[in-house]
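One structure is given here, and the rest of the page talks about it.
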Amino acid sequence: MTIAPAKAGWRFRQPSVIPGFGLTLGFSLAYLTLIILIPLSGLVWRSAALGWADFWAIATDRRTLNALEISFGTAFIAAAVNVVFGTLVAWVLVRYRFPGRRIVDAMVDLPFALPTAVAGIALTTLYAPNGWIGHLLAPLGIKVAYTPLGIVVALVFIGLPFVVRTVQPIMEEIDKEVEEAAATLGANRFQIITRILFPGLSPAIVTGFSLAFARGVGEYGSVIFIAGNLPYKSEIAPLLIVIRLEEYNYPAATAIAAIMLLLSFSMLLVINLAQSWSRKRYG
Amino acid sequence: MADPEIKSYEPHHESQSAAVTESRPVRLLLMAVAFAFLAIFLLLPLIIVFHEALAKGLSAYTEALSNPDTRSAIRLTLLVAAIAVPLNVVFGISAAWAIAKFEFKGKAFLTTLIDLPFSVSPVISGLVYVLLFGAQGLLGGWLKEHGIQILFAVPGIVLATVFVTFPFVARELIPLMQEQGNGDEEAALSLGANGWQTFWYVTLPNVKWGLLYGVLLCNARSMGEFGAVSVVSGHIRGLTNTMPLHVEILYNEYNAVGAFAVASLLAGLALVTLVLKTLLEMRYGAEIAATRGH
Chain Z
1 MTIAPAKAGW
11 RFRQPSVIPG
21 FGLTLGFSLA
31 YLTLIILIPL
41 SGLVWRSAAL
51 GWADFWAIAT
61 DRRTLNALEI
71 SFGTAFIAAA
81 VNVVFGTLVA
91 WVLVRYRFPG
101 RRIVDAMVDL
111 PFALPTAVAG
121 IALTTLYAPN
131 GWIGHLLAPL
141 GIKVAYTPLG
151 IVVALVFIGL
161 PFVVRTVQPI
171 MEEIDKEVEE
181 AAATLGANRF
191 QIITRILFPG
201 LSPAIVTGFS
211 LAFARGVGEY
221 GSVIFIAGNL
231 PYKSEIAPLL
241 IVIRLEEYNY
251 PAATAIAAIM
261 LLLSFSMLLV
271 INLAQSWSRK
281 RYG
Chain E
1 MADPEIKSYE
11 PHHESQSAAV
21 TESRPVRLLL
31 MAVAFAFLAI
41 FLLLPLIIVF
51 HEALAKGLSA
61 YTEALSNPDT
71 RSAIRLTLLV
81 AAIAVPLNVV
91 FGISAAWAIA
101 KFEFKGKAFL
111 TTLIDLPFSV
121 SPVISGLVYV
131 LLFGAQGLLG
141 GWLKEHGIQI
151 LFAVPGIVLA
161 TVFVTFPFVA
171 RELIPLMQEQ
181 GNGDEEAALS
191 LGANGWQTFW
201 YVTLPNVKWG
211 LLYGVLLCNA
221 RSMGEFGAVS
231 VVSGHIRGLT
241 NTMPLHVEIL
251 YNEYNAVGAF
261 AVASLLAGLA
271 LVTLVLKTLL
281 EMRYGAEIAA
291 TRGH
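Protein sequences, first through last, are from chains Z and E. Numbering-wise (UniProt numbering), the first sequence opens with residue 1 and increments by one. Numbering-wise (UniProt numbering), the second sequence opens with residue 1 and increments by one.
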């Protein structure tokens, strides 16, 4: 019997006694390529085929710009609201003990489980001028349904679990001894929260924000019912894609989709960089 | 895990415990704000679904659900989930096996690609198939020549659903199988089991609760998907309308009872999903590993 051949300098995979590598990797790659990669590269290919002038004309069209502004703007506000309330909910769930905590904890995942169309019609009914919440706000002159504010409400609903579920596990890991040590050294509660707890939580909060934001930008089902969908005013970018498709204006639909993907990915990239910076800064 | 038992602090310890928790009024205030927020944003939408569905009484509710178009929407939704979920289960297991059991170049990149559908708008997930299979699409001409209908038909709906639910099973299984390591499989193999036996009798029992967890989430999303399916379905009543799309049609026709009756079924599905998910987390938390949330 010969000795095993000398180690190659570069190998695609480490040797293993476990079988099935070729089969499972091959199948996974084939499936991934067929379902995800080919269709997505079709989108890239179609928008590249548009040519720069056409692409630019669609991208700078007033209606496109307004739709993108509304989508990204409302998603940003909703994610910011969720950072505040999501962190608070996570704090209450992690630190306080109260009856029914398990149920409240499970409830936080409702937006993951509830189909977006159901959330859309439910929120619209609640916030319509004659709805349970809408009729309370109407005398104050606040209109929620059929305005951009309604979009924010829908995106707050959709994004909440992203913040809570990202921040919660990190909060659970915080060592109480650090807080006790700070207290022993004379820090008050406010100082402990801002100087000790918050820096440790900030990467998770940023991640939660970016997940909620990314989801909000692309959200369609829950928004279209409550938004009112007025062009230039309360029309989100995904809806404009659908409208262009229904007009058989494939180039415009493709271009808007490509811009959305580009903006989302570059935003996620920036957030990732900011995060690794904050991890270095605060350890 | 250490359980921070804040409630157990006695009043005379208050000065001491103030260091690691808030004073009682602050605590109560924070809890009140959090509960009010959750009640307004999560509980009320859930309650109003059932309230509106039953607004005109139980008979109107059952009548709305026995409508033939509603029936066919329910059947289509079940059919689509019955195809999409098993496909993604097979993929999830296969991808998790390759990624968790082996070390190879480009693994991190492959894992990122699997998560890709989560960062794509559902509308875009539908759009990519329209660009591929539509009349003006890349394959549109060829499909028409051969009389194959993908768009505005069941295959398109299934494909769009598979796209949006693609990562669910894989991303539950990958960290779980990585955590469990290869020891059990190596032992089985060294005792003479073949690859399939090792998978069926060793790996699968080890990951079954995590797999069920992934299937649960995958199923909930595939039955509830709206944006992607809406783009590819064509909204043909009784033929290509899934339950969420049917909700939209009924709602836009001002048939509130009908829309909310169908919505109540979907909300019921969401509640069942949440209950099962919570039970799995409580009983088999360790075996599902630290992958809660999405």
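Glycine residues also receive a C-beta, built at the ideal position from the N, C-alpha and C atoms.
Residue burial classification, residue i (beta-carbon count within 10 angstroms, cutoff 16)
i: residue 240 of chain Z; result: buried
i: residue 225 of chain E; result: buried
i: residue 173 of chain Z; result: exposed
i: residue 274 of chain E; result: buried
i: residue 12 of chain E; result: Confidence at residue 12 of chain E is low in this model, with a pLDDT of 42, below 50, so the placement of that residue should be treated as unreliable; the coordinate-derived value is given next. With fewer than 16 Cβ atoms within 10 Å of its Cβ, residue 12 of chain E is classed as exposed.
i: residue 16 of chain E; result: Model confidence at residue 16 of chain E stands at a pLDDT of 43, short of 50, so the residue's coordinates are unreliable and nothing is read from them.
i: residue 250 of chain E; result: buried
i: residue 306 of chain E; result: Nothing can be reported for residue 306 of chain E: it is not among the residues displayed for chain E, which extend from 1 to 294.
i: residue 307 of chain E; result: In this structure chain E extends from 1 to 294, so residue 307 of chain E is not present and cannot be described.
i: residue 270 of chain E; result: buried
i: residue 62 of chain E; result: exposed
i: residue 233 of chain Z; result: exposed
i: residue 38 of chain E; result: buried
i: residue 290 of chain E; result: For residue 290 of chain E, the predicted structure reports a pLDDT of 47, less than 50, and the residue's modelled location is therefore unreliable. A value from the coordinates is still provided. Exposed, since its Cβ has fewer than 16 Cβ neighbours within 10 Å.
i: residue 99 of chain Z; result: exposed
i: residue 196 of chain E; result: exposed
i: residue 188 of chain E; result: buried
Under 9 angstroms between C-beta atoms of residue i and residue j
i: residue 123 of chain Z; j: residue 225 of chain Z; result: yes
i: residue 121 of chain Z; j: residue 263 of chain E; result: yes
i: residue 244 of chain E; j: residue 221 of chain Z; result: yes
i: residue 46 of chain Z; j: residue 251 of chain Z; result: yes
i: residue 64 of chain E; j: residue 257 of chain E; result: yes
i: residue 279 of chain Z; j: residue 203 of chain Z; result: yes
i: residue 268 of chain Z; j: residue 214 of chain Z; result: yes
i: residue 18 of chain Z; j: residue 186 of chain E; result: yes
i: residue 160 of chain E; j: residue 129 of chain E; result: yes
i: residue 271 of chain Z; j: residue 198 of chain Z; result: no
i: residue 287 of chain Z; j: residue 150 of chain Z; result: Any question about residue 287 of chain Z goes unanswered here, given that chain Z covers just 1 to 283.
i: residue 79 of chain Z; j: residue 201 of chain Z; result: no
i: residue 117 of chain E; j: residue 164 of chain E; result: yes
i: residue 94 of chain E; j: residue 28 of chain Z; result: yes
i: residue 28 of chain E; j: residue 88 of chain Z; result: no
Three-way DSSP call (helix, strand, coil) for residue i in this model
i: residue 279 of chain Z; result: helix
i: residue 21 of chain Z; result: helix
i: residue 97 of chain Z; result: coil
i: residue 166 of chain E; result: coil
i: residue 226 of chain E; result: coil
i: residue 265 of chain Z; result: helix
i: residue 104 of chain E; result: strand
i: residue 24 of chain E; result: helix
i: residue 10 of chain E; result: Per-residue confidence for residue 10 of chain E stands at a pLDDT of 42, beneath the threshold of 50, marking its modelled position as unreliable; no derived number is given.
i: residue 13 of chain Z; result: strand
i: residue 56 of chain E; result: coil
i: residue 231 of chain Z; result: coil
i: residue 240 of chain E; result: coil
i: residue 40 of chain Z; result: helix
i: residue 109 of chain Z; result: coil
i: residue 51 of chain E; result: helix
i: residue 149 of chain E; result: coil
i: residue 47 of chain Z; result: helix
i: residue 174 of chain Z; result: coil
i: residue 212 of chain Z; result: helix
i: residue 233 of chain E; result: helix
i: residue 82 of chain Z; result: helix
i: residue 222 of chain Z; result: helix
Whole-Å CB distance - residue i paired with residue j, under 8 angstroms assumed
i: residue 286 of chain E; j: residue 178 of chain E; result: Contact doesn't hold; Cβ gap of about 15 angstroms is too wide.
i: residue 217 of chain Z; j: residue 59 of chain Z; result: Not confirmed; about 16 angstroms, so no contact.
i: residue 242 of chain Z; j: residue 120 of chain E; result: The Cβ separation is near 15 angstroms, so there is no contact.
i: residue 255 of chain Z; j: residue 247 of chain E; result: That belief does not hold up - the Cβ atoms of residue 255 of chain Z and residue 247 of chain E are roughly 30 angstroms apart, past 8 angstroms.
i: residue 114 of chain E; j: residue 167 of chain E; result: 5 angstroms
i: residue 219 of chain E; j: residue 85 of chain E; result: 5 angstroms
i: residue 152 of chain E; j: residue 234 of chain E; result: 3 angstroms
i: residue 206 of chain Z; j: residue 90 of chain Z; result: Not quite, the Cβ-Cβ distance comes to about 14 angstroms (not below 8 angstroms), so this is no contact.
i: residue 253 of chain Z; j: residue 127 of chain E; result: 6 angstroms
i: residue 55 of chain E; j: residue 261 of chain E; result: With 8 angstroms as the limit, residue 55 of chain E and residue 261 of chain E do not qualify as a contact, their Cβ atoms being about 10 angstroms apart.
Cutoff 9 angstroms: residue i Cβ touching any chain A Cβ
i: residue 254 of chain E; result: Absent from the structure: chain A. Protein chains present are Z and E.
At least three beta-carbon pairs within less than 8 angstroms, the region 171-184 of chain E to the region 139-148 of chain E: no
At least three beta-carbon pairs within less than 8 angstroms, the region 55-74 of chain Z to the region 227-241 of chain Z: yes
The region 156-163 of chain Z contacting the region 95-111 of chain Z, beta-carbon criterion three pairs below 8 angstroms: yes
Any 3 or more C-beta pairs closer than 8 angstroms across the region 97-104 of chain Z and the region 177-197 of chain Z: no
Contact between the region 124-141 of chain Z and the region 186-198 of chain Z (3+ Cβ pairs under 8 angstroms): no
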